[in-house]
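Peer 1: FYI, the numbering for the sequence shown is 2 to 219, going by our numbering. Each residue gets a CB set at the ideal place from its N, CA and C atoms; glycine is no exception. This is the structure, below, for whatever I ask next.
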Amino acid sequence: MDNRIYGIIGGTGPEGKGIALRLSRMGLNVTIGSRDKNKAKSTVEEISKILPDAKLNYDVNSLICKNSDILFLATPYVAQKSILQTNANQLTDKILINVVAPIEFKNGKFRAVYVPEGSAANQTQTLLPHTKVVSALQTISAKHLMEINKEVKSDVIVCSDFEDAKIIAMDLISKIPTLTTIDGGDLENSVYVENFTALLLNINKRYKVHSSIKILGV
Ligand SMILES: NC(=O)c1ccc[n+]([C@@H]2O[C@H](COP(=O)([O-])OP(=O)(O)OC[C@H]3O[C@@H](n4cnc5c(N)ncnc54)[C@H](OP(=O)(O)O)[C@@H]3O)[C@@H](O)[C@H]2O)c1
2 MDNRIYGIIG GTGPEGKGIA LRLSRMGLNV TIGSRDKNKA KSTVEEISKI
52 LPDAKLNYDV NSLICKNSDI LFLATPYVAQ KSILQTNANQ LTDKILINVV
102 APIEFKNGKF RAVYVPEGSA ANQTQTLLPH TKVVSALQTI SAKHLMEINK
152 EVKSDVIVCS DFEDAKIIAM DLISKIPTLT TIDGGDLENS VYVENFTALL
202 LNINKRYKVH SSIKILGV
């Protein structure tokens, strides 16, 4: 029985909501985080309508950082630095799964944004040296996660400098039907996954789809 509390920073957005739905479907304890407690409450009500038995809670981001065991960071890239700096102490010794893809949409195209630390996940690890940062799920569309009765047919590349945290994240994510996790190695490889997401989004725009990735031969 998994009694851990899974907190979702920025859990009111489509990606956070999708993750919350999938974790709730597994029967896990999920707390939705937001800058605005009422907004988090509305998200919980929305999810509860879809999954009435969901074990959900809500709070402001700072308190979910304090009270959760494992966290997902699901805010836009522009927001991550200030959120992490504000909550660094509360995140000490915890696992943080970074789903952030630093991407901008300009002149009709998606582009990867330059991150001085190498990637969004590496920036998180630099800001939180006492947190076990895992990079995952950047290539999984919120739309697919939110279609709770459908399988998500994709691989998920998971990177971290902490093997124990990576194994926990891979085990968790692989319980979402029918995601397959691929060990992407150290966190420095996250840049390739994050940047590839920009390509997927441009493909999505061109084909009017929500594409995903499959690694063959593993
Ligand atoms: N959408 C997708 O399909 C998808 C797929 C894979 C990965 N991702 C990644 O997942 C992350 C979230 O994506 P999303 O589409 O859910 O994003 P989003 O809707 O733009 O933002 C998610 C939440 O972040 C919070 N937020 C927004 N701006 C903020 C700021 N300046 N400071 C603090 N919090 C802020 C908001 O929550 P509150 O207003 O409640 O605080 C918002 O509901 C992104 O980094 C994205 O690259 C998205």
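Which residue comes first and which comes last in the beta strand (DSSP E) that contains Ala113?
Peer 2: Here the beta strand (DSSP E) through Ala113 covers Lys110 to Ala113.
Peer 1: I think Val159 touches Thr182, with their Cβ atoms under 8 Å apart; what is that distance to the nearest whole Å?
Peer 2: Correct: roughly 5 Å between the Cβ atoms.
Peer 1: Round the Cβ separation of Lys50 and Ser25 to the nearest angstrom and send it over; I've been treating them as touching at under 8 Å.
Peer 2: Wrong, their Cβ atoms sit about 12 Å apart, outside the cutoff.
Peer 1: Going by the DSSP bridge assignment, what does Gly34 pair with across the sheet?
Peer 2: BP columns for Gly34 point to Asp60.
Peer 1: Which same chain residues end up closer than 8 Å to Gln86 when comparing Cβ atoms and leaving out the 5 residues on each side of it in sequence?
Peer 2: Once the five neighbours on either side are set aside, the close Cβ partners of Gln86 are Leu128.
Peer 1: Please name the residue in Thr44, Val61 and Val210 whose C-alpha comes closest to that of Lys144.
Peer 2: Nearest option by C-alpha distance: Val210.
Peer 1: Using CA atoms only, rank isn't needed, just tell me which of Met171, Leu64 and Tyr115 is closest to Ile9.
Peer 2: Taking only the C-alpha atoms, the option nearest Ile9 is Leu64.
Peer 1: Count the other CB atoms, across all protein chains shown, that sit within 10 Å of the CB of Thr93; report buried if there are 16 or more and exposed otherwise.
Peer 2: Thr93 should be labelled exposed.
Peer 1: State the start and end residues of the unbroken beta strand (DSSP E) segment that holds Phe73.
Peer 2: Counting along the chain, the beta strand (DSSP E) containing Phe73 begins and ends at Ile71 to Leu74.
Peer 1: Tyr78 to Met2, Cα distance in whole Å?
Peer 2: Each residue's alpha carbon lies about 34 Å from the other.
Peer 1: Would you say Thr179 and Val157 are within 8 Å of each other, going by their C-beta atoms?
Peer 2: For Thr179 and Val157, no; Cβs fall outside 8 Å.
Peer 1: Can you say whether Lys167 is buried or exposed, counting buried as having 16 or more other CB atoms within 10 angstroms of its CB?
Peer 2: So Lys167 counts as buried.
Peer 1: What are the uninterrupted segments assigned as beta strand (DSSP E) that are 3 or more residues long and contained completely in the region 161–214, given in chain order?
Peer 2: Runs found: 181–184.
Peer 1: Per DSSP, Ser136 forms a beta bridge with which residues?
Peer 2: Ser136 is bridged to Asn99 and Cys160.
Peer 1: Would you say Gly34 and Gly14 are within 8 Å of each other, going by their C-beta atoms?
Peer 2: No, they are not a contact pair.
Peer 1: Going by alpha carbons, who is nearest to Ile71 out of Thr132, Pro117, Asp187 and Pro103?
Peer 2: Nearest of Thr132, Pro117, Asp187 and Pro103 to Ile71, Cα basis: Thr132.
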